[in-house]
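See below for the structure under consideration.
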Amino acid sequence: MSARPVATRFSDSREFALKAVALLLAGGLLFPATAALAQNWPVKPVRMIVPFATGGGTDIQARLFSAKLQPLLGQQVIVDNRTGAGGNIGAELVAKSPPDGYTVLFQSASLAVNASLYRKLNYNALRDFAPVMLVSSTPLILVVHPSVPAKNVKELIALAKARPGVFNFGSNSTGTTSHLASELLKTMTGTQMTHVPYKGAGQAVIALASGEIDMLITTIAAALPHMESGRMRALAVTTLKRAPSVPNLPTVDETLKGFESDNWYGLFFPAKTPEAIVSRFHAEMSKVLTDPDVRKLMENQGATPLASSPAEMADYLKREIEKYAKVIQASGARAD
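When we follow our numbering, the leftmost residue of the sequence shown carries the number 1, and every step to the right adds one.
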């Protein structure tokens, strides 16, 4: 009998090898190799996408974390600002990136807000990301012009009910947490307050200080100088716990049970990123958030370090999307 042609034997061998690999994959026998690759991660710089401009609160925290992560990961963590569409440009970039651990999103509460604020998005906040952790929370502060007679939240609600459609509030812009926190207050109290949007926190704060508007919910950092000068009066913070930077100020929740609205920050990989990579990054970020210098710098900016688990971040994001969906529907706010 003549020998089979070499080309045929090679073809058969290749077919056999491919079938063998397929069987190994089906049986999960190559998973240890995948885990080993994840354990060696990272072997090149990691991009941290910040979907907002340089110098903002999200950017400041991201740069603080990137500097501390580099020695822990053994690779550069490069902050890459991809601005536009209320944070959607950067979020979409990460959602469509390879799930290899080299692109991570550092995003604010706008990820939850935008799910309802925009009619059409090219990503799904719940489906297209692998949550790493809820990193921090920054309280907002409810402030009024000194001419407003209300001295606390209870009196404010009574005043707004007595002046339906006349009592107004400003915001940093339509669809921001500044806006939606006030809309949540409206929804929960049944008041009819008029929204006056501005172009950024700076304009909104000046408007309140000059008496153009009655009320504003904004960041503590933006309001504090005007509070100290007596050009606005603080009534409460919007988080469930009192803020360390203004410990004597009550929460809205102490009067209006269940009210919570803050500007939170979280980390997200693209969906299907190996769990080993997510776990490693989570572990290193947890170390960063226990660094006394990091905590001090964050608290000076009004941010509270949190370091949740990936599962807790996923659950929190789902609840935030549901909460803001109701607020946005009630307010009729749209960004497109």
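Every residue gets a Cβ at the ideal spot worked out from N, C-alpha and C, and that includes glycine.
Roughly how many angstroms separate the alpha carbons of residue i and residue j, rounded to a whole number?
{"i": "Ala276", "j": "Ser210", "result": "53 Å"}
{"i": "Glu183", "j": "Val153", "result": "15 Å"}
{"i": "Ser173", "j": "Val252", "result": "22 Å"}
{"i": "Ile321", "j": "Ser171", "result": "20 Å"}
{"i": "Gln301", "j": "Gly101", "result": "29 Å"}
{"i": "Gly56", "j": "Ala160", "result": "32 Å"}
{"i": "Ala115", "j": "Ala125", "result": "7 Å"}
{"i": "Phe269", "j": "Gln75", "result": "17 Å"}
{"i": "Ser331", "j": "Leu72", "result": "45 Å"}
{"i": "Ser110", "j": "Val327", "result": "14 Å"}
{"i": "Val46", "j": "Ser261", "result": "31 Å"}
{"i": "Leu123", "j": "Ala314", "result": "Before going further, note that residue 123 is Tyr rather than Leu in the sequence given. Rounded to whole angstroms, Tyr123 to Ala314 spans 16 Å at the Cα level."}
{"i": "Val21", "j": "Val135", "result": "Because the pLDDT of Val21 is 44, which lies under 50, any placement of that residue in the model is unreliable, and the number read from its coordinates should be weighed accordingly. Their backbone Cα atoms lie some 40 Å apart in a straight line."}
{"i": "Ala95", "j": "Leu117", "result": "18 Å"}
{"i": "Leu338", "j": "Ala333", "result": "Residue 338 lies beyond the stretch modelled for the chain, which goes from 1 to 336, so this question has no answer here."}
{"i": "Leu240", "j": "Glu92", "result": "31 Å"}
{"i": "Met227", "j": "Ser108", "result": "26 Å"}
{"i": "Leu343", "j": "Pro310", "result": "It is not possible to answer for residue 343, since the shown part of the chain is limited to 1 through 336."}
{"i": "Asp336", "j": "Arg82", "result": "19 Å"}
State buried or exposed for residue i, treating a residue as buried only when at least 16 other CB atoms are found within 10 Å of its CB.
{"i": "Gln329", "result": "exposed"}
{"i": "Ile78", "result": "exposed"}
{"i": "Arg127", "result": "exposed"}
{"i": "Gly27", "result": "With a pLDDT of 48 at Gly27, under the threshold of 50, the modelled position of that residue is not reliable, and the figure given next carries that caveat. Looking at its Cβ environment, which holds fewer than 16 other Cβ atoms inside 10 Å, Gly27 is exposed."}
{"i": "Val345", "result": "The requested residue 345 is not part of the displayed model; the chain covers only 1 to 336."}
{"i": "Ala201", "result": "buried"}
{"i": "Val43", "result": "exposed"}
{"i": "Lys257", "result": "exposed"}
{"i": "Leu90", "result": "Strictly speaking, residue 90 in this sequence is Gly, with Leu absent from that position. With 16 or more other Cβ atoms within 10 Å, it is buried."}
{"i": "Thr54", "result": "exposed"}
{"i": "Gly84", "result": "exposed"}
{"i": "Thr218", "result": "buried"}
{"i": "Asn40", "result": "exposed"}
{"i": "Asp214", "result": "buried"}
{"i": "Pro274", "result": "buried"}
{"i": "Leu317", "result": "buried"}
{"i": "Lys68", "result": "buried"}
{"i": "Asp12", "result": "Note that Asp12 scores 47 on pLDDT, short of 50, meaning its location in the model is unreliable and no value can be drawn from it."}
For residue i, write down the residues that DSSP places opposite it in a beta bridge.
{"i": "Phe269", "result": "Ala130"}
{"i": "Met48", "result": "Val79, Val104"}
{"i": "Val144", "result": "Met215, Arg233"}
{"i": "Phe169", "result": "His195, Met215"}
{"i": "Pro310", "result": "According to DSSP, Pro310 bridges with nothing at all."}
Under the assumption that residue i contacts residue j (Cβ atoms under 8 Å), give the Cβ distance between them as a whole number of angstroms.
{"i": "Ala234", "j": "Val143", "result": "5 Å"}
{"i": "Phe169", "j": "Val205", "result": "Not really, about 13 Å apart at Cβ, beyond 8 Å."}
{"i": "Met133", "j": "Ala303", "result": "Not confirmed; about 14 Å, so no contact."}
{"i": "Phe106", "j": "Leu267", "result": "6 Å"}
{"i": "Asn263", "j": "Thr177", "result": "5 Å"}
{"i": "Tyr265", "j": "Gln70", "result": "That pair is no contact at about 19 Å."}
Could you say which of the options lies nearest to residue i if we only look at CA atoms?
{"i": "Met298", "options": "Arg63, Asn40, Gly87", "result": "Arg63"}
{"i": "Leu249", "options": "Val113, Thr255, Val237, Phe259", "result": "Val237"}
{"i": "Ala158", "options": "Gly175, Ala181, Leu185", "result": "Leu185"}
{"i": "Ala112", "options": "Ser309, Asp214, Gly175", "result": "Gly175"}
{"i": "Ile342", "options": "Arg163, Thr138, Thr290, Ile213", "result": "The structure shown does not extend to residue 342, since the chain is modelled only from 1 to 336, so the question has no answer here."}
{"i": "Met193", "options": "Arg163, Glu254, Lys199", "result": "Arg163"}
{"i": "Lys323", "options": "Phe65, Ser108, Ser309, Leu180", "result": "Leu180"}
{"i": "Phe129", "options": "Arg119, Ile141, Lys151, Thr103", "result": "Thr103"}
{"i": "Lys272", "options": "Pro98, Gln70, Asp59", "result": "Pro98"}
{"i": "Asp291", "options": "Ala335, Pro305, Pro247, Arg319", "result": "Pro305"}
{"i": "Thr255", "options": "Leu216, Ser279, Thr189, Gln203", "result": "Thr189"}
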